[in-house]
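J.:
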Amino acid sequence: MEQISPYLQFRNVTKFFGDVPVVQEPFNLSIPSGHFTVFLGPSGCGKTTLMRMIGGLDTPTSGEILLQGTPVGEPDIRRGMVFQSYSSFPWLTVRKNIEFGMRFRRDLSASQKKDRAEHFLKLVGLGDFAKSFPSRISGGMRQRVAIARTLAADPDVLLMDEPFGALDANLREDLQFELRKIQKSSGKTTIFVTHDVEEAVFLADRIIVFGPRPAHVIADIDVTSLIGAERNETVRDSEQFFHLRTEILHLLRGRQVREIAA
Amino acid sequence: MTASASSSRKYPGSLFRFRVPIPQSATLLAALIGAAAFLGGWQLLVSLHVVAPAFLPTPLKVAQTFIRMCTDGSMLPNTVVSVRRVWLAFILSALLAVPLGILMSGYRIIGATLEPMIDFIRYLPVPALVPLAIIWFGVGETTKIFLLWLGTFFQLVLMIAADMKRIPNEYFETAYTLGARPRETLLPVALPAMLPQLMDSMRISLGWCWTYVIIAEIVASDSGLGFVIWTARRFMKTDQVMAGVIMIGLIGLVTDQCLRLLHRKLFRYQ
Numbered sequence: 000m001e002q003i004s005p006y007l008q009f010r011n012v013t014k015f016f017g018d019v020p021v022v023q024e025p026f027n028l029s030i031p032s033g034h035f036t037v038f039l040g041p042s043g044c045g046k047t048t049l050m051r052m053i054g055g056l057d058t059p060t061s062g063e064i065l066l067q068g069t070p071v072g073e074p075d076i077r078r079g080m081v082f083q084s085y086s087s088f089p090w091l092t093v094r095k096n097i098e099f100g101m102r103f104r105r106d107l108s109a110s111q112k113k114d115r116a117e118h119f120l121k122l123v124g125l126g127d128f129a130k131s132f133p134s135r136i137s138g139g140m141r142q143r144v145a146i147a148r149t150l151a152a153d154p155d156v157l158l159m160d161e162p163f164g165a166l167d168a169n170l171r172e173d174l175q176f177e178l179r180k181i182q183k184s185s186g187k188t189t190i191f192v193t194h195d196v197e198e199a200v201f202l203a204d205r206i207i208v209f210g211p212r213p214a215h216v217i218a219d220i221d222v223t224s225l226i227g228a229e230r231n232e233t234v235r236d237s238e239q240f241f242h243l244r245t246e247i248l249h250l251l252r253g254r255q256v257r258e259i260a261a
Numbered sequence: 000m001t002a003s004a005s006s007s008r009k010y011p012g013s014l015f016r017f018r019v020p021i022p023q024s025a026t027l028l029a030a031l032i033g034a035a036a037f038l039g040g041w042q043l044l045v046s047l048h049v050v051a052p053a054f055l056p057t058p059l060k061v062a063q064t065f066i067r068m069c070t071d072g073s074m075l076p077n078t079v080v081s082v083r084r085v086w087l088a089f090i091l092s093a094l095l096a097v098p099l100g101i102l103m104s105g106y107r108i109i110g111a112t113l114e115p116m117i118d119f120i121r122y123l124p125v126p127a128l129v130p131l132a133i134i135w136f137g138v139g140e141t142t143k144i145f146l147l148w149l150g151t152f153f154q155l156v157l158m159i160a161a162d163m164k165r166i167p168n169e170y171f172e173t174a175y176t177l178g179a180r181p182r183e184t185l186l187p188v189a190l191p192a193m194l195p196q197l198m199d200s201m202r203i204s205l206g207w208c209w210t211y212v213i214i215a216e217i218v219a220s221d222s223g224l225g226f227v228i229w230t231a232r233r234f235m236k237t238d239q240v241m242a243g244v245i246m247i248g249l250i251g252l253v254t255d256q257c258l259r260l261l262h263r264k265l266f267r268y269q
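If you read the sequences in order, they're chains Z and C.
When the first sequence is numbered by numbering that gives the first Met the number 0, its final residue is 261 and no position is left out of the sequence of numbers.
When the second sequence is numbered by numbering that gives the first Met the number 0, its final residue is 269 and no position is left out of the sequence of numbers.
1) Assuming the contact rule is C-beta atoms closer than 8 angstroms, C:Thr142 and C:Ala132 should be a hit. Round their C-beta distance to whole Å, please.
2) Just curious, the alpha helix (DSSP H) that Z:Val93 is in, first and last residue?
3) Using DSSP bridges, identify the partner residues of C:Ile144.
4) With DSSP collapsed to three states, give me the class of Z:Arg10.
5) If you check the beta carbons only, do Z:Pro89 and Z:Phe132 fall under 8 angstroms apart?
6) Distance, Cα to Cα, Z:Met50 vs Z:Val156?
7) Assuming C:Ser92 and C:Phe152 make a contact with CB atoms under 8 angstroms, what is their CB distance in whole Å?
8) Sort Z:Gly33, Z:Cys44, Z:Glu63 by Cα distance to Z:Arg10 and report the nearest one.
9) Quick check on Z:Asp75 - is its C-beta less than 8 angstroms from some C-beta in chain C?
10) Let me know if C:Met235 comes out buried or exposed under the rule of 16 or more other beta-carbons within 10 Å of its beta-carbon.
11) Alpha carbon to alpha carbon, what distance is there between C:Tyr211 and C:Thr237?
12) With distances taken Cα to Cα, identify the nearest neighbour of Z:Val81 among C:Thr26, C:Arg233, C:Phe171, C:Gly243.
13) Might you give, ordered along the chain, the residues of its own chain that have their beta carbon closer than 7 angstroms to the beta carbon of Z:Phe103, omitting 5 neighbours on each side?
14) Where does the unbroken alpha helix (DSSP H) through Z:Asp160 begin, and where does it stop?
15) Please report whether the beta-carbon of C:Gly105 lies at a distance below 8 angstroms from any beta-carbon of chain Z.
16) How is Z:Val81 classed by DSSP in three states: helix, strand or coil?
17) List, in chain order, every chain C residue whose beta-carbon is nearer than 7 angstroms to that of Z:Met80.
18) Where in the stretch 85 to 149 of chain Z do unbroken runs of the alpha helix (DSSP H), each at least 4 residues long, occur, reported from the N-terminal end onward?
19) Quick check on DSSP: helix, strand or coil for Z:Gly262?
20) Based on the DSSP secondary-structure assignment, which residues constitute the bridge partners of Z:Thr188?
21) Could you work out which residue in Z:Val22, Z:Leu225, Z:Ile30 is closest to Z:Pro5 when comparing CA atoms only?
22) Counting only the same chain and skipping the five closest in sequence on each side, list residues whose C-beta sits under 6 angstroms from that of Z:Phe26.
23) Within 10 angstroms of the Cβ of Z:Lys14, are there 16 or more other Cβ atoms? Answer buried if so, exposed if not.
24) Does any CB atom of chain C fall closer than 8 angstroms to the CB of Z:Phe240?
25) Listed from N- to C-terminal order along the chain, which residues in the stretch 188 to 200 of chain C have their beta-carbon within a distance smaller than 8 angstroms of any beta-carbon of chain Z?
26) Grab me the residues of Z:Asn231's own chain with a C-beta within less than 8 angstroms of its C-beta, minus the 5 sequence neighbours each way, in chain order.
27) Name the one or two DSSP bridge partners that Z:Arg205 has.
28) Per DSSP, which one or two residues make a beta bridge with Z:Ser29?
29) May I have a chain-ordered list of the alpha helix (DSSP H) segments no shorter than 4 residues that lie completely inside the stretch 71 to 127 of chain C?
30) Am I right that C:Cys208 and C:Phe89 are in contact with their C-beta atoms under 8 angstroms? What's the rounded C-beta distance?
31) From the beta carbon of Z:Glu1, is the nearest beta carbon of chain C less than 8 angstroms away?
32) Could you run through the stretch 55 to 67 of chain Z and flag, in chain order, every residue whose CB is less than 9 angstroms away from some CB of chain C?
33) Do you know how far the Cα of Z:Leu250 is from the Cα of Z:Phe99?
34) Have a look at Z:Asp153 and Z:Pro20 and give me their C-alpha separation to the nearest angstrom.
35) Which residues in the same chain have their Cβ closer than 6 angstroms to the Cβ of C:Gly218, if we skip the five residues on either side of it in sequence?
36) Drop a sphere of 10 angstroms on the beta-carbon of Z:Gln83, count the other beta-carbons inside from all chains shown, and report buried for 16 or more, exposed for fewer.
Right, dumping it as structure tokens:
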């Protein structure tokens with residue numbers, strides 16, 4: 000990694016909304032291709048803003064974000080985003096939602112788009128619900144629709160803003176398992192924002208832990224070297240998983256205690 | 000459900016529980032009793048000579064007049080004229096208000112330019128503008144359409160802008176990260192996302208059109224339901240006045256129900 004330039008890079012990025020600092024200290028981070036990176040931190044710590052800036056949905060006040068060496072600009076198809084709410088279009092069926100992901104791709108023929116839609120429909124296990132509207136399926140299925148739609152667009156970077164935040168615990172675990180599998184098989188560079196420690200540990204190759212606003216990194220954890228790359232349901236019960244989870248929880252909590260004391 | 004239904008039969012007082020739903024049979028019955036009491040009270044007022052029939056004809060008399068006017072050709076052609084005016088003006092309003100409202104909310108600079116002006120104009124009462132309309136357009140068809148358009152367009156455009164503003168940002172941002180440029184989101188994202196709200200806004204402004212058409216027809220017209228009502232008044236034909244008013248009410252009711260039905264059919268996905 001020393002010689003080659005990183006795939007995705009934050010260089011001295013700061014962000015102010017008016018006078019309010021969201022990222023005050025210049026933020027630097029390099030992310031290699033194909034990595035699953037999780038931004039973890041308390042609500043309002045600026046992790047979402049940092050991710051939105053990758054997508055071009057917010058712009059840095061200073062500094063720059065580089066994708067394959069060139070600064071990212073306005074949002075485009077190279078950086079796909081999955082939101083927590085309003086993630087799928089309620090007026091389109093599941094299949095049409097997924098096809099929408101390729102609406103602005105001019106390199107695919109109509110029949111290629113159809114085939115791809117079918118492929119991703121199956122990949123996220125929604126083959127039987129192709130003709131259903133989002134209001135008729137569960138919240139978990141709706142998030143799968145959004146993931147399939149973004150994958151169908153074939154972005155270079157997959158951005159996810161607490162996509163499982165509104166789901167109940169069991170469903171969450173299922174979707175985390177599937178997402179990790181899909182991410183590894185597709186090799187998509189993924190940035191995932193969450194405030195759930197366990198979710199972060201299960202999904203991530205690497206976790207960037209943020210303290211409260213303005214955004215600052217309190218830990219940069221190489222998860223794969225600690226618990227391995229293989230993630231299945233037994234991993235959750237492993238000792239390493241438990242230790243790492245507890246350590247991060249203490250990190251976040253200790254930080255808060257110190258801030259209150261100060 | 001069954002428990003509450005049977006208990007409400009045993010204790011009539013339980014129908015008056017605060018914010019508690021009542022059985023469907025009770026809903027229907029209450030509506031019938033309410034209407035019957037109203038008509039009965041009205042009939043009684045006249046029968047007991049509390050009010051002279053010249054001022055208040057009996058419900059039966061009004062119904063007879065209504066049916067007679069519908070069959071002798073004095074009501075229906077005028078109804079057609081009014082309906083035509085309402086829809087023509089409404090469609091003109093909507094055709095301009097929908098794109099303009101979307102643009103005003105989509106491009107804030109357009110909104111900033113137009114909103115104060117529109118806000119001012121929409122508070123002008125339509126009757127106050129009748130003299131101006133007559134000076135500009137005479138007493139012909141144009142005046143009426145203009146007045147109706149005036150009364151609805153400026154309200155509608157702001158409602159459409161608000162409908163557009165209510166669309167969650169996530170829909171647009173999702174489309175951007177799928178490769179859409181902002182203006183490419185108007186048709187495939189903004190329009191379908193706001194369509195249910197937009198149709199409601201249009202349905203409401205169609206109701207206002209009816210208010211204004213009657214004003215326009217009373218002030219300057221020789222046709223339409225407003226003209227029918229106003230002419231009947233000159234000869235103290237109270238039953239005909241009321242028959243005309245009932246016709247307006249019926250058209251409003253039927254139109255509204257049809258549009259609601261269409262709404263349910265179109266937006267079944269909700």
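Each residue gets a CB set at the ideal place from its N, CA and C atoms; glycine is no exception.
T.: Concretely, from the data shown:
1) 5 angstroms
2) 93 to 99
3) BP columns for C:Ile144 are empty, so no partner.
4) strand
5) yes
6) 11 angstroms
7) 4 angstroms
8) Z:Glu63
9) yes
10) exposed
11) 22 angstroms
12) C:Phe171
13) Ile76
14) Run containing Z:Asp160: none in the alpha helix (DSSP H); it sits in the beta strand (DSSP E), 156 to 160.
15) no
16) strand
17) Glu172, Thr173, Thr176
18) 93 to 99, 109 to 122
19) Residue 262 of chain Z lies beyond the residue range present for chain Z, which begins at 0 and ends at 261; the question has no answer from this structure.
20) Z:Val156
21) Z:Ile30
22) Phe9, Val12
23) buried
24) no
25) Val188, Pro191, Ala192, Leu194
26) Phe176
27) Z:Thr36, Z:Asp221
28) Z:Gln8
29) 75 to 105, 107 to 121
30) 5 angstroms
31) For Z:Glu1, the predicted model reports a pLDDT of 44, less than 50, meaning its position is unreliable; a value from the coordinates is still stated below. For Z:Glu1, the answer is no, since every Cβ of chain C falls outside 8 angstroms of its Cβ.
32) Gly55, Leu56
33) 42 angstroms
34) 34 angstroms
35) Correcting the residue identity first, residue 218 of chain C is Val in this sequence and not Gly. For C:Val218, where only same-chain residues beyond five positions count, the Cβ hits under 6 angstroms are Val129.
36) buried
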